[in-house]
Amino acid sequence: MKIRLAQASDEAVLLQMARAMHAESRFAHYPLQESQLRELIAGTLKDPKGRCILLAERASAGVVGMLGGYVLPLFFTQAFIAQDQFFYVLAEHRGSSAAAKLLMAFERWALNRQVTEININMSVAIDMERFDRFMTHAGYRSCGQNYFKPAHARANTHIRKESP
Numbered sequence: 001m002k003i004r005l006a007q008a009s010d011e012a013v014l015l016q017m018a019r020a021m022h023a024e025s026r027f028a029h030y031p032l033q034e035s036q037l038r039e040l041i042a043g044t045l046k047d048p049k050g051r052c053i054l055l056a057e058r059a060s061a062g063v064v065g066m067l068g069g070y071v072l073p074l075f076f077t078q079a080f081i082a083q084d085q086f087f088y089v090l091a092e093h094r095g096s097s098a099a100a101k102l103l104m105a106f107e108r109w110a111l112n113r114q115v116t117e118i119n120i121n122m123s124v125a126i127d128m129e130r131f132d133r134f135m136t137h138a139g140y141r142s143c144g145q146n147y148f149k150p151a152h153a154r155a156n157t158h159i160r161k162e163s164p
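Following the numbering used here, the numbering of the sequence shown begins with 1 at its first residue and continues without gaps.
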């Protein structure tokens with residue numbers, strides 16, 4: 001398994017991977033905007049100091065995983081963190097070394113940018129228990145959960161107000 005930085009010539013495979021991730025995720029009912037993905041890819045490749053897309057490539061299967069991320073300051077300080085934007089391995093390659101090697105490469109990339117923390121989020125809702133075990137085994141700690149509610153859902157009128 002080889003890990004490498006994406007290049008402009010990888011656009012087609014990145015779009016293919018994004019389609020697979022989108023189809024498997026909780027976001028599958030949203031329309032996939034490939035023009036927006038192309039802009040993300042191009043913008044990321046133009047900013048190698050602040051953003052990256054890493055690819056896991058197997059000689060026999062081609063690209064089997066991707067991890068994209070960026071560096072940003074926390075909103076209350078000038079300390080920088082690394083944050084993933086997407087982390088995906090094709091279903092048939094989960095359990096291989098792809099995810100672990102992508103994560104290690106992202107950590108190296110982030111540490112080279114002198115971040116104080118590395119954050120990996122789970123918002124796509126793909127195999128969440130397995131992902132939690134993987135991240136815990138890799139030394140990450142959970143600090144919360146992601147919650148979502150469709151905007152058209154009826155407002156919850158049963159929320160108790162906290163007293164001052």
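We treat Cβ as the ideally placed atom computed from N, Cα and C, and that holds for glycine.
What residues in its chain sit with their C-beta under 6 Å from that of residue 57, if we drop five residues either side in the sequence? The beta carbon of residue 57 sits closer than 6 Å to the beta carbons of 2, 63 from its chain, once the five residues preceding and following it are set aside; these are given in chain order.
What would DSSP say about residue 83, mapped onto helix, strand or coil? Strand, per DSSP.
Along the alpha helix (DSSP H) that carries residue 13, what are the first and last residues, could you check? Judged by DSSP secondary structure, residue 13 falls within the alpha helix (DSSP H) whose first and last residues are 11-24.
Which residues in the same chain have their Cβ closer than 7 Å to the Cβ of residue 8, if we skip the five residues on either side of it in sequence? Answer for residue 8: 45, listed in chain order.
Out of 21, 75, 48, state which residue places its alpha-carbon closest to the alpha-carbon of residue 4. Comparing Cα positions, the closest option is 48.
Among 54, 85, 13, whose alpha-carbon lies nearest the alpha-carbon of residue 104? Taking only the C-alpha atoms, the option nearest residue 104 is 54.
Please report the distance separating the alpha-carbon of residue 136 from that of residue 28. Rounded to whole angstroms, residue 136 and residue 28 show a C-alpha spacing of 27 Å.
Below 6 Å CB to CB, which residues in the same chain sit around residue 79 once its five sequence neighbours on both sides are set aside? Taken in chain order, the residues that qualify are 116.
So what does residue 64 bridge to, in DSSP terms? In the DSSP assignment, residue 64 forms no beta bridge with any residue.
Beta-carbon within less than 8 Å of residue 108's beta-carbon, same chain only, minus the 5 sequence neighbours each way: which residues are those? Same-chain partners within the cutoff: there are none.
Please work out which residues of its chain come closer than 6 Å, Cβ to Cβ, to residue 68, disregarding the five sequence neighbours upstream and downstream, and give them in chain order. Excluding its 5 nearest sequence neighbours in each direction, residue 68 has C-beta neighbours in its own chain below 6 Å: 53, 85, 86, listed in chain order.
CB-CB under 7 Å to residue 126, same chain, minus the five flanking residues each way: which ones, in chain order? Around residue 126: 24, 25.
I want to check one thing, is the minimum distance from the CB of residue 60 to the heavy atoms of the ligand FMN below 7 Å? Ligands displayed in this structure: none; no statement on the ligand FMN is therefore possible.
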